[in-house]
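**Q** With the working numbering applied, the sequence shown corresponds to residues 19 to 336, in that order. Note that beta-carbon positions come from the ideal geometry of N, C-alpha and C, so glycine has one too. Note that this is a predicted model, so its numbers are computed, not measured. Quick one: this structure, given as structure tokens, is what I'll be asking you about.
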Amino acid sequence: MNTRRLLLPAVLLWLAACTPAAPPTGMAHAPAAAPAAETVVEPPAERCSDRSGWNDPATPLRIHGNTWYVGTCGISALLVTSPGGHVVVDGATPKAGGLIVDSIRKLGFDPRDVKAIVLSHEHFDHAGGLAALQEATGAPVFALAPAIATLRRGASDRSDPQFLVLDPFAAVADVRRVPDDGVVRAGEVELHAIPTPGHTPGGTSWTWRSCEGQDCRQVVYADSLTAISDDDYRYGDDAAHPGYLAAFRDTLARIAALPCDILVTPHPSASGLWGRIGPDAHRPLVDAGACLAYAQTGAERLEKRLADEAARAAAPTP
Ligand SMILES: [Zn+2]
Numbered sequence: 019m020n021t022r023r024l025l026l027p028a029v030l031l032w033l034a035a036c037t038p039a040a041p042p043t044g045m046a047h048a049p050a051a052a053p054a055a056e057t058v059v060e061p062p063a064e065r066c067s068d069r070s071g072w073n074d075p076a077t078p079l080r081i082h083g084n085t086w087y088v089g090t091c092g093i094s095a096l097l098v099t100s101p102g103g104h105v106v107v108d109g110a111t112p113k114a115g116g117l118i119v120d121s122i123r124k125l126g127f128d129p130r131d132v133k134a135i136v137l138s139h140e141h142f143d144h145a146g147g148l149a150a151l152q153e154a155t156g157a158p159v160f161a162l163a164p165a166i167a168t169l170r171r172g173a174s175d176r177s178d179p180q181f182l183v184l185d186p187f188a189a190v191a192d193v194r195r196v197p198d199d200g201v202v203r204a205g206e207v208e209l210h211a212i213p214t215p216g217h218t219p220g221g222t223s224w225t226w227r228s229c230e231g232q233d234c235r236q237v238v239y240a241d242s243l244t245a246i247s248d249d250d251y252r253y254g255d256d257a258a259h260p261g262y263l264a265a266f267r268d269t270l271a272r273i274a275a276l277p278c279d280i281l282v283t284p285h286p287s288a289s290g291l292w293g294r295i296g297p298d299a300h301r302p303l304v305d306a307g308a309c310l311a312y313a314q315t316g317a318e319r320l321e322k323r324l325a326d327e328a329a330r331a332a333a334p335t336p
């Protein structure tokens, strides 16, 4: 006999028991950010590590104050909350969109209270889940001008250094330009956009203030800074993409100079996040030198990349 058939009704009953009853009529609607931060139950975290896969589910957890980790073990996504509405930062991979929504719910927040979505850069591993996130939340995606067409198409063009090796992703229906003052707002949340082109043309870093009682910190979600490309692209070929290398160097200087208490990066391993949050944390979360160190690593890699390009160009053709 199939035991699954016997078990199923029991599971359905249990699920029904877990579904909250509708509020009695006449009851005031709950405020947008239903649970107060203090009442949110923080479950024990999964053991994510630098070797985790991009789609490995992670237990959502608080990073600091109103800033929560809702990504997978291998790709970051953050939720920044306020009583008047929330912002999601990054959509991670195509498979991660649903996991991010689950994580928001697990923390006790309502995905429909997400009023804005922003992203680091227009690649499938950070924008792939945006369409699903948008569907679940109804929130617009805010992006800088160079990323908008790519997000609407779900595909990059030759202005992206990795164009020839990138996977497409689900096109995003409602993409809006970041307001002219560079601030995306939702409720009391204010996320400041910092244009950081280089890894992609539309690369964007984000910064905001997070307070835990009197302990207020500047969070920086710094975009990927790696100079990496397909075989056709050369960062040093200024004729092919005028000004792009100079803009990349400006990006590195901008990140290095940011007020930066807590650094988080789209690839958590790039900023050693699992050594700073979760069950295996052994280093302080707050490190005022983190952005500088991150920018220096990016700059070294860019200079090495340019040297390699020059060496290849100078080598005699076989
Ligand atoms: Zn990328």
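1. Using 8 angstroms as the cut-off, can you tell me whether the segment 275-284 makes contact with the segment 169-177, which would need three or more C-beta pairs spanning the two stretches below that distance?
2. For residue 93, report the span of its alpha helix (DSSP H) as first-last.
3. Given this structure, state the Cα-to-Cα distance separating residue 254 from residue 324, to the nearest angstrom.
4. Could you tell me whether the Cβ of residue 331 comes closer than 7 angstroms to any Cβ of chain B?
5. I want to check one thing, is the minimum distance from the CB of residue 242 to the heavy atoms of ligand 1 below 6 angstroms?
6. Between residue 210 and ligand 1, is there a pair consisting of the residue's CB and a ligand heavy atom that are separated by less than 6 angstroms?
7. Is it buried or exposed for residue 99, if we count other Cβ within 10 angstroms and need 16 for buried?
8. How far does the beta strand (DSSP E) with residue 119 in it reach, from first residue to last?
9. Quick check on the DSSP output: the alpha helix (DSSP H) that includes residue 166 runs from which residue to which?
10. Do residue 300 and ligand 1 come close, with the Cβ less than 6 angstroms from some heavy atom?
11. Since residue 101 and residue 205 are thought to touch, with beta carbons under 8 angstroms apart, how far apart are those beta carbons, to the nearest angstrom?
12. Along the chain, where does the alpha helix (DSSP H) containing residue 225 start, and where does it finish?
13. Output the residue ranges of the beta strand (DSSP E) runs that lie fully inside the segment 251-298 and measure 3 residues or longer, sorted by chain position.
14. Give a yes or no on whether the C-beta atoms belonging to residue 117 and residue 107 are separated by under 7 angstroms.
15. By alpha-carbon positions, which one of 138, 139 and 119 ends up nearest to residue 132?
16. Quick test of your reading: residue 172 and residue 187, contact by CB under 8 angstroms. State the CB separation rounded to the nearest angstrom.
17. List the DSSP bridge partners of residue 86.
18. Could you pull the start and end residues of the beta strand (DSSP E) that residue 234 belongs to?
19. Assign residue 182 to one of two classes, buried (16 or more other C-beta atoms within 10 Å of its C-beta) or exposed (fewer than that).
20. So, do the segment 224-231 and the segment 79-88 have three or more beta carbon pairs nearer to each other than 8 angstroms?
21. By DSSP's criteria, residue 203 is part of a beta bridge. Which residues make up the other side?
22. Decide if residue 112 is buried, meaning its Cβ has at least 16 other Cβ atoms within 10 Å, or exposed.
23. Taking the beta strand (DSSP E) that residue 134 belongs to, which residues open and close that run?
24. Give me the residue from 251, 304, 239 and 297 with the minimum Cα distance to residue 313.
25. Grouping DSSP H, G and I as helix and E and B as strand, with all else coil, what is residue 195?
26. Would you say residue 166 and residue 193 are within 7 angstroms of each other, going by their C-beta atoms?
27. If you pair each beta-carbon of the segment 236-251 with each one of the segment 315-335, do three or more pairs fall below 8 angstroms?
28. Please confirm whether any heavy atom of ligand 1 lies closer than 6 angstroms to the CB of residue 141.
**A** This is what the structure holds:
1. By the Cβ test, the segment 275-284 is not in contact with the segment 169-177, since fewer than three Cβ pairs between them sit closer than 8 angstroms.
2. Premise fails: residue 93 is in no alpha helix (DSSP H) and is neither H nor E.
3. In this model, residue 254 and residue 324 are separated by some 6 angstroms (Cα to Cα).
4. Reference to chain B is not applicable here, since this structure consists of a single protein chain.
5. At least one heavy atom of ligand 1 is nearer than 6 angstroms to the Cβ of residue 242, so yes.
6. With a cut-off of 6 angstroms, the C-beta of residue 210 is classified as distant from ligand 1, since no heavy atom of the ligand falls inside that distance.
7. Buried, because 16 or more other Cβ atoms sit within 10 Å of the Cβ of residue 99.
8. Unbroken run through residue 119 is the alpha helix (DSSP H), 114-124; no beta strand (DSSP E).
9. Taken as a continuous stretch (DSSP letters only), the alpha helix (DSSP H) holding residue 166 covers 163-171.
10. No; taking the cut-off as 6 angstroms, the Cβ of residue 300 has no heavy atom of ligand 1 nearer than that.
11. Distance from residue 101 to residue 205 at the Cβ level is roughly 6 angstroms; contact confirmed, criterion being Cβ atoms closer than 8 angstroms.
12. Per DSSP, residue 225 belongs to no alpha helix (DSSP H); it is in the beta strand (DSSP E), 222-230.
13. Here the runs fully enclosed are 280-282.
14. No; because the gap between Cβ atoms is not below 7 angstroms, this pair is not in contact.
15. Ranking the options by Cα distance to residue 132, first place goes to 119.
16. About 5 angstroms separates the two Cβ atoms, so the contact holds.
17. Answer is 80 and 97.
18. Here the beta strand (DSSP E) through residue 234 covers 233-239.
19. Residue 182 counts as exposed, since fewer than 16 other C-beta atoms from the protein chains shown sit within 10 angstroms of its C-beta.
20. Contact between the segment 224-231 and the segment 79-88 is present, because at least three Cβ pairs lie under 8 angstroms.
21. Answer is 208, bridged to residue 203.
22. Residue 112 is buried by the Cβ-count criterion.
23. It spans 132-136 - the beta strand (DSSP E) in which residue 134 sits, taken as one unbroken run.
24. Taking each of 251, 304, 239 and 297 in turn and checking the Cα distance to residue 313, the smallest one comes out for 239.
25. Correct three-state label for residue 195: strand.
26. A Cβ-Cβ contact shorter than 7 angstroms links residue 166 with residue 193.
27. Contact between the segment 236-251 and the segment 315-335 is present, with at least three C-beta pairs closer than 8 angstroms.
28. Flag set: Cβ of residue 141 near ligand 1.
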